[in-house]
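Enquirer: The structure that follows is given in the form of structure tokens.
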Amino acid sequence: MPYYHSAGLVPPKRHTQHRDGQGKLYYEELMGEEGFSSDSSLLYHRFVPSAVREFRTWDVGDQSLVPNHPLVPRHFATHKLFAADASGVDAVTGRRLLLGNEDVRLAYVVADSVSPYYRNAIGDECLYVEEGRATVETVFGDLAVGDGDYVLVPRATTYRIVPDGTVRIYAIEANSHIAPPKRYLSARGQLLEHAPYCERDFRLPAGPRTAEGENVEVCIKHRGRTGVVGTVHTLPHHPFDVVGWDGCLYPFAFNIRDFEPITGRVHQPPPVHQVFAGHNFVICNFVPRKVDYHPQAIPVPYYHSNVDSDEVMFYCAGDYEARKGTGIGRGSISLHPGGHPHGPQPGAIEQAIGAESFDELAVMVDTFRPLMLGEAARETDDGGYVYSWELNR
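Letter by letter, the sequence shown follows residues 90 to 482 in the numbering used here.
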């Protein structure tokens, strides 16, 4: 995160003695990016944060990926992946892998159960709440989240997800960090005036709270010889033992409806919709907005070839004008791979002319290396999307 925050009990000087009311020393942990050379936070623990009592492997589920071969655009129906009640599924171990490459993995889950405590040691996570409400409990404090919230969780943050009923989550798991695009930021990290959101739109964790407990298990996702693997650590004390923290690295929430769309007289390219970026991928969102106002404007996108990227669109709500007539609806995901030109479906251009606004909500991920298909994508591929541009079929 680009700005400093302090919560709970911290000493006036870092790396100095910090004691409780009985004189016991708190244990200082620096959680930082890029070694000691980038954003960090200092957390003050009641117990030694490195202590592990037991360990074992954790089966993270089917992480296999197969190439998109033959190369075709595809449509996946995520709402077919889980039963309507999602009984007994949690938002960590229940994730189903849709797409992935060396830089990012995209997964989907419908959950109604409390997840285990969890830590992603590979990269940051961006969790998009499609529907429902939950509390994301973290070592920094809690975040109450609901429909349309992005939750950015820094790498190695211990957290768990507690649903309030049933919650649908689209999980973007990076192999890097995820942050606002650099062009939105000043040299010192402040969001600039041309950015489509500002610091006021971010919701930070409530103040840290300590929890009691012994022999608490934490599931850790990390790299292994065969790709993504898991380990469970049993900790002698509860991981939520932080009495205070300060710094510029912490989880936060941002609601998609606080994104201020950028529009123009003629159609604007997808980068104006960008919200976050990771290594070799970007995250964009398309929100309800007024559209192009040139008298001869064509509001839907022009046909374009993704020469350097694969495009993944997750359709969250509303009526996506460019995809009319394809069977795509809420919960659908389209994959438009590099090497194939794509754009509006037949008839969408004429139908959109004269429109003054679009009522659509979608999250897009563009990657700069080809995406491969996970087990959830292979299960829900409709098999016919590739033919949807052919006239009179």
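Note that the Cβ used here is the ideal one computed from N, Cα and C, for glycine as well.
For H134, which of helix, strand or coil comes out of DSSP?
Expert: Here residue 134 refers to the residue found at position 45 of the sequence shown. Strand.
Enquirer: If we ignore side chains and look at the alpha-carbon of each, how far apart do P377 and E449 end up?
Expert: Along the sequence shown, read from residue 1 onward, the residue named residue 377 stands at position 288. Along the sequence shown, read from residue 1 onward, the residue named residue 449 stands at position 360. Near 5 angstroms, if we compare the C-alpha coordinates of E449 and P377.
Enquirer: Tell me where the beta strand (DSSP E) around Q363 begins and ends.
Expert: Taking the sequence shown and counting its residues from 1, one reaches residue 363 at position 274. Per DSSP, Q363 belongs to the beta strand (DSSP E) from Q363 to G367.
Enquirer: One question on the structure: do V389 and I422 come within less than 9 angstroms of each other, judged by their Cβ atoms?
Expert: In the sequence shown, counting from the first residue as 1, residue 389 sits at position 300. In the sequence shown, counting from the first residue as 1, residue 422 sits at position 333. No; because the gap between Cβ atoms is not below 9 angstroms, this pair is not in contact.
Enquirer: Relative to the alpha-carbon of N209, which residue among D231, Y239 and T246 has its alpha-carbon at the smallest distance?
Expert: Counted from its first residue, the sequence shown places residue 209 at position 120. Per the Cα distances, T246.
Enquirer: With respect to the alpha helix (DSSP H) encompassing E439, which residues constitute its N-terminal and C-terminal limits?
Expert: As a working mapping, residue 439 is identified with position 350 in the sequence shown. That run of the alpha helix (DSSP H) goes A437 to A441.
Enquirer: Where do the N-terminal and C-terminal ends of the beta strand (DSSP E) with A263 fall, by residue?
Expert: Position 174 of the sequence shown, counting from 1, holds the residue named residue 263. Here the beta strand (DSSP E) through A263 covers Y248 to A263.
Enquirer: Look at the alpha carbon of S275 and the alpha carbon of A366, and state the distance between them as a whole number of angstroms.
Expert: Mapped onto the sequence shown, residue 275 falls at position 186. Mapped onto the sequence shown, residue 366 falls at position 277. Distance between the alpha carbons of S275 and A366 is about 16 angstroms.
Enquirer: Is it right to say G316 is buried, meaning 16 or more other beta carbons lie within 10 angstroms of its own, or is it exposed?
Expert: In the sequence shown, the residue the question calls residue 316 occupies position 227. Classification of G316: exposed, given that the 10 Å Cβ count is below 16.
Enquirer: Excluding sequence positions up to five away, which residues of its chain have a Cβ less than 8 angstroms from the Cβ of R467?
Expert: The residue labelled residue 467 in the question sits at position 378 within the sequence shown. Closer than 8 angstroms at Cβ, skipping near neighbours: V155.
Enquirer: Check the DSSP bridge columns for C373 and list the partner residues they point to.
Expert: Translated into the one-based positions of the sequence shown, residue 373 becomes position 284. Beta-bridge pairing links C373 to Q363 and M453.
Enquirer: Which residue comes first and which comes last in the beta strand (DSSP E) that contains A96?
Expert: As a first step, residue 96 is located in the sequence shown; it is residue number 7 there, counting from the start. Taken as a continuous stretch (DSSP letters only), the beta strand (DSSP E) holding A96 covers H94 to G97.
Enquirer: Quick check on DSSP: helix, strand or coil for H393?
Expert: Counting from 1 along the sequence shown, the entry for residue 393 is found at position 304. Residue state, collapsed to three classes: strand.
Enquirer: Report yes if the C-beta distance between Y239 and N344 is below 9 angstroms; otherwise report no.
Expert: Within the sequence shown, residue 239 is the residue found at index 150, counting from 1. Within the sequence shown, residue 344 is the residue found at index 255, counting from 1. In contact: Y239 and N344 (Cβ atoms closer than 9 angstroms).
Enquirer: Spell out whether any CB of chain D is found under 9 angstroms from the CB atom of F171.
Expert: Absent here is chain D; the protein component of the structure consists of one chain.
Enquirer: Quick test of the definition: if touching needs 3 or more C-beta pairs under 8 angstroms, does the segment 275-289 touch the segment 349-365?
Expert: Taking 8 angstroms as the limit for Cβ pairs, the verdict is that the segment 349-365 does touch the segment 275-289.
Enquirer: Need the endpoints of the alpha helix (DSSP H) that E468 sits in, please.
Expert: Here residue 468 corresponds to residue number 379 of the sequence shown, with the count starting at 1. Where E468 is concerned, the enclosing alpha helix (DSSP H) stretches over E464 to T469.
Enquirer: Excluding five sequence neighbours on each side, which residues of the same chain lie with their C-beta closer than 6 angstroms to the C-beta of R222?
Expert: Counting from 1 along the sequence shown, the entry for residue 222 is found at position 133. Here the set comprises G235 and D253.
Enquirer: Would you call the CB atoms of A96 and G333 closer than 9 angstroms?
Expert: On the sequence shown, residue 96 is found 7 positions in, with the first residue counted as 1. On the sequence shown, residue 333 is found 244 positions in, with the first residue counted as 1. Cβ atoms of A96 and G333: closer than 9 angstroms.
Enquirer: I think I258 touches A200, with their Cβ atoms under 8 angstroms apart; what is that distance to the nearest whole Å?
Expert: Start at 1 with the first residue of the sequence shown, and residue 258 comes out as number 169. Start at 1 with the first residue of the sequence shown, and residue 200 comes out as number 111. Confirmed, about 7 angstroms.
Enquirer: I need the straight-line Cα distance from L114 to R314, nearest angstrom please.
Expert: What you label residue 114 is simply residue 25 of the sequence shown in a count that begins at 1. What you label residue 314 is simply residue 225 of the sequence shown in a count that begins at 1. Roughly 39 angstroms separates the two Cα atoms.
Enquirer: With distance defined between alpha-carbon atoms, name the residue in P430, R163 and D381 nearest to G472.
Expert: Locating residue 472 in the sequence shown gives position 383, counting from the first residue. Residue R163 is the option with its Cα nearest to G472.
Enquirer: Which of helix, strand or coil does DSSP assign to H311?
Expert: Taking the first residue of the sequence shown as position 1, residue 311 is located at position 222. Here H311 sits in strand by DSSP.
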